Amino acid sequence: MQEWRKTVLLQGLSLTVALAGVLLGISLAADHLLSLGMVARLVLLAVLASVTCYTAFRFLIRPLRKMPTDAQVARYVEERHPELNDGLVSAVEFGEKTLSVQQQRMFDRLLEQVDRQTGHIDFKHLVAADRMRRAVGLAGVAIVFLSVLAVRDADLFGRSLVRLAAPWSRPGPLLPTGLSVEPGDARLPRGHNQMVVVTLEGRLVAQVRLFTRAKDAKTWDAVEMVETATTGVFNFELGVVDQDIEYYVDADRSTSPVFTLTVYDPPQIERIDLVYDFPVYAGLERKTEEDKGDITAPVGTVVKLTITVNKPVKSGHLKFSNGVETALDTDNRTLTGSLTVKEDLSYSIQVIDMDGMSNLDPVEYYIRAQQDQGPHVTILEPGRDTRVSPVEEVLIRAEAEDDFGLSSFTLTYSVNGGKEQTIDLGRDTGSGTTWKGEHMLYLEEMSVKPGDFLSYYATAADARGKGGKASTDIYFLEVKPFEETYRQGAGGGGGGGGGAGGLQAGRLSQEQKEIIAATWRVKRDAETETSDRIKTDLEAIAKAQDRVQERAQESLNEMRFQFEIDENLLKMTDLLEEALEPMGRVSEALRSGSADAALPPEQEALRYLMQVDALIREFEVSMARDGRAGGAPLDFGDTSELELKRDENRYESPDQANQSQRQSQTVDESLQRVKELAQRQQQLNNQMRQFGDNARQTEAERRRELDRLTREQAQLRQQAEQLAAGLSRMPSGQSDRQMNESLRDATGGLRESSEEMARSSQALQRNNPQEASGQGSKALQRLEDARQQLQRAQGQSLERLTQEAARRADQLAARQDQAARAVEELKKEKDRDFSGIRSRLDALEKGRTGLSEESQDKRLEAFVRKRLREVADGKEQMRQELERLKNDLDYLKNRAQKDQPGTADAAEQALDTIDDGLPQKVDRSKGQLQPGGLDRAARNEKELLQDFKQLAEQVRQTQKNLIAPDEDQLTRTQDDLRDAMSDWQDIQRQLDRLERGLSPGTSGQTSQDYREQMQQLRDLADRLPQNSQAGRQMRDALNRAAALGNEPWKIDRQNWQELHQKVSQALQDVQRDMAGQLRELAQKEKLRMARDEDVPPQFRDLVNRYYEKLSKETR
């Protein structure tokens, strides 16, 4: 019976444990796979408990409560052992009854029999062993399975049991999702963005949310984080964090701790004050600039910086673009330091506050070093070689200027190469950056005579010392006879043939002047030129002096051979022989490398040659009085200009041609870069305006766009600064002040645009795109100003050049007409004994009595002289204007040589007219304006008027040739125009196909075709007249296209339609203009008109009077 109970107990327990283990395993698996909620786990727990209890009751409790009887046990044994023949059952039954003695004896024998029969039976194994083993084995398997789970992951097994045993609690998920959150607790500058990055560990989930709230707030704001390309990594950018916030991350019931983002105020530069201590040479007083970080100052300036920060700082330093750093002195919120301006740089200010935080993205300020340019000095009057009488008073006016100020301004002259005399021109008028001075040379007091000469030059110096000095070229005053001397030559002179009438004065002396001027320039520029260059230049001058010496020797030999009797010729030969000796010394001095030593003998030789010139002119007069014709002229020189001008090394202006070419190339490149900068600034302005109008962007997108716009604006500013620095370092010539002024203005415009770009960047950093766009528009305007100045320096528009030249030539003709009329009126008055002038003077003097006849004559003579002096003053202005016109025509000829050969030829013809002695005629007419020679003066003025009218017509021809292109050129342009119109329509068709989806993947090709089309249209626009309406429309349309970008398929449809219509209309207008010009040319060819008619004679006087009035207004 005990075995029975033991078996029932073991079997019941085993079944209960096995079933409970199986159900527990199934529950754990279901929770692991499905992450069951609390309700599901409650149901699962109830099922598990119910089944377990039922199993225990069914197989354990109930069998133990219902124990079998002895008879049932005996029957169970009998069933297992039939050989007992119910003996055991009978024994059990009789054993429970009361027996008699006989029955007792029989019962005892039965027991003995049963005992013998059951002796071999093992009652311990009589219970069903298989069933017992199965139950125990099943229970063992369940126990082993649960044990393996517990041993492998005790934490997981424990959480599983807890989740099942107490489903109403929040023990977390069965397999939790680990969260790695960055940056966790952190500090960041106020107003900056913060990226929160979450990396999942363990079980991955599809959704991660970020909960944030202001510190100490009650409610949380949730936002879904963005999954990155890396599996299990999510992020989200918190934009513009301006207060402390708390945050945590939730990933499907996995929750991170609460973190805190603490904002702080980074140190920021609030104000920069600058104090400039200028170098001595600048002559400037100390200057203070408040709240300005950009520095512009002369080289050598010491700038003290006082920097105010928004909070106390621990340290700070200046960081320069060349890598140098300079520490600043700190005092609470103020930092001080100084720097010396040496070169163009940029700098930023970096500070560290008491918490060890530094200022972020420090603003970069520029340092613009103004190089001290050398002074510029000019002889205003007479400014050229001039012939004067021995008693004339010569006024020399000069002007000097410097970028910072001058320290001295002098005029130096000498007579016949003698001791130099220096006059201080700035003694009374010297102040500021521009000094003007004048000095009167009284030749009569110098006791000069015909054949003598004076050389003079002006010098100016700034306060820089060495290298801050400049001088003009050396000029000459040649003393001519006060009046022409008519006398016969001494001696018989012999009969015909040859005589001296063919000698030409001034040839050798002019070449000697050029040699002196060249030597003087080498001496003047010695400090700025290399030794090799100086040696080459002096060698070239020496060769020129050798040629002059050879020609002088040849002339001397010929004069000795042909003329041996005439006294004047003997004097000439003696003087030429005297000139040969210093010429030889000149060559030696030049080849030894000494320009200083060469100048005295050069001037000595010139003095002898000038005396020869005086004798030649006197000899020509005497020959003319005798009526003798000269034979073959004596060859004093083959050319009127020094042959050195054709030498490879032109000593008169070392490397001037190459420098001019480099300067022109720099201007061209700078102009192109300014155009590109303006185009990019225009596009950036459009982007800033669009950004300001777009309110649909998130804070993160706005911040990224702001950063991009700020970077692009900073890049444009840097390029503008570099371009301005390059222009400022470009050497300036002394001959073209207008170009230098244009370049200075262009540099100033670029620097102003850079400052506006800096303000635009600062506005972007303040998150104010509207203000930034406004500053960008100002920067664009400054770039346009710089472009105009560079175009002016470049002289790009041939139309403008021809118009300016024609205007100047017409004004000259009008002034000459005015002068001729004035002299003609005086001549007519002289023929009438000045009756008209006397009457006007009497009317003016009405009321005054007692004037003697002598006083009246003096008054009349004073009036006539005053009138003639006014005309002479006008001649001086005409002489200067004529020189300017010559320079304009020379420049115009070179510019038009390639593209407008007709204009270049017309300019060359006008230059030939000027070079044919027109300036000398003006000088002579000025000298002939004397009261006693009005008849001759009137004739000369009329002749001179015809010359100026011819010149004006030739200059106007340059404009006509430019405006009227040939038929072939128009035809080629029209063919190109047709191709451009066809290509433009192709672009539209490509865009239509892209829009309809018929040509996928061809957007790149369309963009390339569009860029090529734009370049084709720009080339076509450059060939159109600058002042034509169609040309302006075309250029406006192209500017609009550039502003919209180079990818037409990205352009807004409405904007594209407007652009397409505008360009198409401009092309049609240009085509109509071309067709009209071709029809006009065809009509002219049909009528065989070679050129347009001049202004009709009946209107010529009206035109002259108009320019006469214009010239008066100009003066």
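Residues in the sequence shown are numbered consecutively from 2, following my numbering. Beta carbons are placed, not taken as given, at the ideal position from N, Cα and C, and that holds for glycine. In this text, all values refer to a predicted model and were calculated from it rather than measured experimentally.
### Query
On the premise that Leu-607 lies in contact with Gly-418, defined as a C-beta separation below 8 Å, what is that separation, rounded to the nearest angstrom?
Mapped onto the sequence shown, residue 418 falls at position 417. Mapped onto the sequence shown, residue 607 falls at position 606. About 7 Å separates the beta carbon of Gly-418 from that of Leu-607, a gap short enough to meet the 8 Å contact definition.
#### Entry: Extent of the continuous beta strand (DSSP E) run through Met-441
Looking up residue 441 in the sequence shown gives position 440. 435-443 is the extent of the beta strand (DSSP E) around Met-441.
### Message
Quick check: what's the CA-CA separation for Ser-762 versus Asp-425?
### Response
Counting from one through the sequence shown, the residue named residue 762 turns up at place 761. Counting from one through the sequence shown, the residue named residue 425 turns up at place 424. If I take the Cα positions, the gap works out to 52 Å.
### Task
Inspect the CB distances between the region 832-840 and the region 973-980 and report whether three or more fall short of 8 Å.
The region 832-840 makes no contact with the region 973-980; the number of CB pairs closer than 8 Å stays below 3.
### Query
Is the beta carbon of Thr-914 sitting closer than 8 Å to the one on Leu-945?
For the purposes of this step, residue 914 is taken as the residue at position 913 of the sequence shown. For the purposes of this step, residue 945 is taken as the residue at position 944 of the sequence shown. No. Outside cutoff.
### Message
Just to confirm, is the Cβ distance from Val-1182 to Ala-807 under 8 Å?
### Response
As shown, the chain starts at 2 and ends at 1116. That puts residue 1182 outside it, with no answer to give.
#### Entry: Range of the contiguous alpha helix (DSSP H) that encloses Ala-911
In the sequence shown, counting from the first residue as 1, residue 911 sits at position 910. Ala-911: member of the alpha helix (DSSP H) spanning 902-916, first to last residue.
### Query
CB-CB under 8 Å to Arg-334, same chain, minus the five flanking residues each way: which ones, in chain order?
As a working note, residue 334 is residue 333 in the sequence shown. Excluding its 5 nearest sequence neighbours in each direction, Arg-334 has C-beta neighbours in its own chain below 8 Å: Thr-309, Val-310, Asn-311, Lys-312, Pro-313, Val-314, listed in chain order.
### Query
According to the neighbour-count rule (16 or more other Cβ atoms, all chains shown, within 10 Å of its Cβ), is Asp-403 buried or exposed?
For this step, residue 403 is matched to residue 402 along the sequence shown. Classification for Asp-403: buried.
### Task
With DSSP as the reference, please indicate the residues paired to Ala-462 in a beta bridge.
Here residue 462 is taken as the residue at index 461 of the sequence shown, counted from 1. According to DSSP, which records beta bridges pairwise, Ala-462 is partnered with Ser-409, Lys-470.
### Query
If you count every other CB in all the chains shown that lies within 10 Å of the CB of Pro-184, and 16 or more means buried, which is it?
As a position in the sequence shown, residue 184 is number 183, starting the count at 1. By the neighbour-count rule (16 or more Cβ atoms within 10 Å), Pro-184 is not buried but exposed.
### Query
Apart from the five residues just before and just after Arg-326, which ones in its own chain have a Cβ nearer than 6 Å to its Cβ?
Taking the first residue of the sequence shown as position 1, residue 326 is located at position 325. It should be noted that the sequence gives Glu, not Arg, for residue 326. Same-chain partners within the cutoff: His-318, Lys-320.
### Query
Near Ala-764, which residues of its chain fall below 7 Å by C-beta distance, leaving aside the five closest residues on each side in sequence?
Translated into positions along the sequence shown, residue 764 becomes position 763. Glu-772, Ala-773, Gln-776, listed in sequence order.
### Query
Going along the chain, which residues of its own chain have a beta-carbon closer than 6 Å to the beta-carbon of Pro-482, five neighbours each way excluded?
Position 481 of the sequence shown, counting from 1, holds the residue named residue 482. Closer than 6 Å at Cβ, skipping near neighbours: Pro-451.
#### Entry: Straight-line gap, Arg-760 to Val-395 (C-alpha atoms, nearest Å)
As a working mapping, residue 760 is identified with position 759 in the sequence shown. As a working mapping, residue 395 is identified with position 394 in the sequence shown. Whole-angstrom Cα-Cα distance: 56 Å.
### Task
Between the Cα of Gln-790 and those of Ser-778, Gln-812, Leu-728, Ala-821, spot the shortest distance and give me the residue it belongs to.
As a position in the sequence shown, residue 790 is number 789, starting the count at 1. Closest option to Gln-790, Cα to Cα, is Leu-728.
#### Entry: Same chain only: Cβ atoms within 6 Å of Ala-590, ignoring 5 sequence neighbours per side
Position 589 of the sequence shown, counting from 1, holds the residue named residue 590. Excluding sequence neighbours, Ala-590 sits near Ala-598, Ala-599.
### Task
Spatial neighbours of Ala-908 within its chain, please: CB distance less than 6 Å, with the 5 preceding and 5 following residues excluded, ordered by chain position.
The residue labelled residue 908 in the question sits at position 907 within the sequence shown. Within the same chain, Ala-908 has close Cβ partners Leu-890, Leu-893, Lys-894, Thr-959.
#### Entry: Residues bridged to Asn-1124 (per DSSP)
Because the chain in this structure spans residues 2 to 1116, residue 1124 falls outside the shown range and cannot be described.
#### Entry: Sheet register partners of Glu-238 (DSSP bridge)
On the sequence shown, position 237 is the one that residue 238 refers to. For Glu-238, the beta-bridge partners assigned by DSSP are Met-196.
#### Entry: Arg-751 vs Ala-787 beta-carbon contact at 8 Å
Position 750 of the sequence shown, counted from the start, is the residue given in the question as residue 751. Position 786 of the sequence shown, counted from the start, is the residue given in the question as residue 787. The displayed chain sequence assigns Leu, not Arg, to residue 751. It is a contact, given that the beta carbons lie within the stated cut-off.
### Proximity to Phe-235 [Cα-Cα], best of Asp-251, Ala-905, Thr-200
Your numbering for residue 235 matches position 234 in the sequence shown. Measuring from the Cα of Phe-235, the nearest candidate turns out to be Thr-200.
### Message
Since Ile-368 and Ser-316 should fall inside the 8 Å C-beta cutoff, what is the C-beta to C-beta distance between them, to a whole number of angstroms?
### Response
As a first step, residue 368 must be located in the sequence shown, where it is residue number 367. As a first step, residue 316 must be located in the sequence shown, where it is residue number 315. Contact flag wrong, Cβ pair sits at about 22 Å.
### Message
Using a Cβ-based criterion (distance less than 7 Å to any ligand heavy atom), does Ala-1043 qualify as near the ligand FAD?
### Response
Inclusion of the ligand FAD in the displayed structure is not the case, the ligand content being empty and no account of it being possible.
### Query
Are the region 532-544 and the region 569-578 touching, with three or more C-beta to C-beta distances below 8 Å?
The region 532-544 is not in contact with the region 569-578.
### Task
Could you name the residues of the same chain whose beta carbon sits closer than 7 Å to that of Leu-779, not counting the 5 residues immediately before and after it, in chain order?
Position 778 of the sequence shown, counting from 1, holds the residue named residue 779. Note on residue identity: the sequence assigns Lys, not Leu, to residue 779. Here the set comprises Glu-757.
### Message
Which residue wins for smallest C-alpha separation from Arg-880, given the options Thr-387, Glu-286, Glu-291, Tyr-348?
### Response
Translated into positions along the sequence shown, residue 880 becomes position 879. It is Thr-387 whose Cα lies nearest to the Cα of Arg-880.
### Task
Could you tell me which residues DSSP pairs with Ile-368 in its beta bridges?
The sequence position of residue 368 within the sequence shown is 367, counting from 1. Under DSSP, Ile-368 shares a beta bridge with Ile-296, Leu-346.
### Message
Can you tell me which residues form a DSSP beta bridge with Arg-214?
### Response
For this step, residue 214 is matched to residue 213 along the sequence shown. Per the DSSP secondary-structure output, Arg-214 pairs in a beta bridge with Glu-247.
### Element boundaries [beta strand (DSSP E), containing Gln-921]
Walking along the sequence shown from the start, residue 921 turns up at place 920. Per DSSP, Gln-921 belongs to no beta strand (DSSP E); it is in the alpha helix (DSSP H), 919-928.
### Query
So which of Arg-1054, Trp-1057, Ala-1031 has the shortest CA-CA distance to Ala-1067?
Locating residue 1067 in the sequence shown gives position 1066, where the first residue counts as 1. Closest option to Ala-1067, Cα to Cα, is Ala-1031.
### Spatial neighbours of Pro-966 in its chain, beta-carbon cut-off 7 Å, leaving aside the 5 residues before and after
On the sequence shown, position 965 is the one that residue 966 refers to. Note that Pro-966 scores a pLDDT of 49, beneath 50, so its modelled location is shaky and nothing firm can be said.
### Message
One question on the structure: do Gly-301 and Pro-280 come within less than 8 Å of each other, judged by their Cβ atoms?
### Response
Locating residue 301 in the sequence shown gives position 300, where the first residue counts as 1. Locating residue 280 in the sequence shown gives position 279, where the first residue counts as 1. Contact: yes.
### Task
Could you tell me whether the Cβ atoms of Leu-275 and Ile-296 are closer together than 8 Å?
Within the sequence shown, numbered from 1, the residue matching residue 275 stands at position 274. Within the sequence shown, numbered from 1, the residue matching residue 296 stands at position 295. Yes; because the gap between Cβ atoms is below 8 Å, this pair is in contact.
### Residue interval of the alpha helix (DSSP H) (run including Thr-520)
The residue you call residue 520 lines up with position 519 of the sequence shown. In this chain, the alpha helix (DSSP H) harbouring Thr-520 covers 508-525.
### Query
What are the boundary residues of the beta strand (DSSP E) that Gly-338 is part of?
Indexing the sequence shown from 1 puts residue 338 at position 337. That run of the beta strand (DSSP E) goes 335-341.
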